[in-house]
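Note that the sequence shown covers residues 10 to 144 in the working numbering.
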Amino acid sequence: MPKAQPVYRWLYLSRLAPGQSHDAVAAILRVSRKHNANLGIGGALVFDGERFAQLLEGPRPVVMDMASRIALDARHTDLCVLYEGESTSPMACIEWRAGYAEGTTLDGLMPSSAGAPSQGPLQRFMAMLASCDLV
Numbered sequence: 010m011p012k013a014q015p016v017y018r019w020l021y022l023s024r025l026a027p028g029q030s031h032d033a034v035a036a037i038l039r040v041s042r043k044h045n046a047n048l049g050i051g052g053a054l055v056f057d058g059e060r061f062a063q064l065l066e067g068p069r070p071v072v073m074d075m076a077s078r079i080a081l082d083a084r085h086t087d088l089c090v091l092y093e094g095e096s097t098s099p100m101a102c103i104e105w106r107a108g109y110a111e112g113t114t115l116d117g118l119m120p121s122s123a124g125a126p127s128q129g130p131l132q133r134f135m136a137m138l139a140s141c142d143l144v
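See the structure below:
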């Protein structure tokens, strides 16, 4: 039986850059949906009107290349990596090459200095996705 390929996950939180229109979100999704399937990347983007939270998952080199480009993207600012790591568990967002939800508050993902939460950022993000209507 072939060994399962590791899945690399990268989750970040950022803010829409000053002067950027909400139209930037549509542009991001158009490009993501066009390219992610060809790259073997799954993921989900949640936008609350001010902040983005995005999970990318797939082969490590591809996800890291995408992460480097996202970090340099002028459409957002204050990028904070909440989680990154490799796992042998299957891709959680395989059905969404670039799933999208808006209007969901991202407050529960914010890093907190008030002690360690009972779940890590990845688990909180996945729980949040379960209640989102991803398109």
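C-beta: ideal position from N, C-alpha, C; glycine also. Since the model is a prediction, treat every value here as computed from it, not as a measurement.
Burial state of Gly-28, where buried means 16 or more other Cβ atoms lie within 10 Å
exposed
Taking the alpha helix (DSSP H) that Ser-41 falls in, what are its first and last residues?
32 to 48
Phe-61 - DSSP class collapsed to helix/strand/coil:
strand
Any idea what DSSP makes of Leu-81, helix, strand or coil?
coil
Should the stretch 40 to 47 be called in touch with the stretch 84 to 93, which here means at least 3 C-beta pairs below 8 angstroms?
no
Quick check: the Cα distance between Ala-139 and Asp-57, rounded to an integer number of angstroms?
16 angstroms
Verify whether the separation of the beta carbon atoms of Gly-94 and Gly-67 is less than 8 angstroms.
no
State buried or exposed for Pro-130, treating a residue as buried only when at least 16 other CB atoms are found within 10 Å of its CB.
buried
With distances taken between CB atoms, is the gap from Leu-22 to Leu-81 smaller than 8 angstroms?
no
Can you give me the Cβ contacts of Arg-69 inside the same chain, cut-off strictly under 8 angstroms, excluding the 5 residues immediately before and after it?
Pro-15, Tyr-17, Glu-95
With a Cβ-Cβ cutoff of 8 angstroms, do Ala-33 and Leu-20 count as a contact?
no
For Gly-117, which three-state DSSP category applies?
helix
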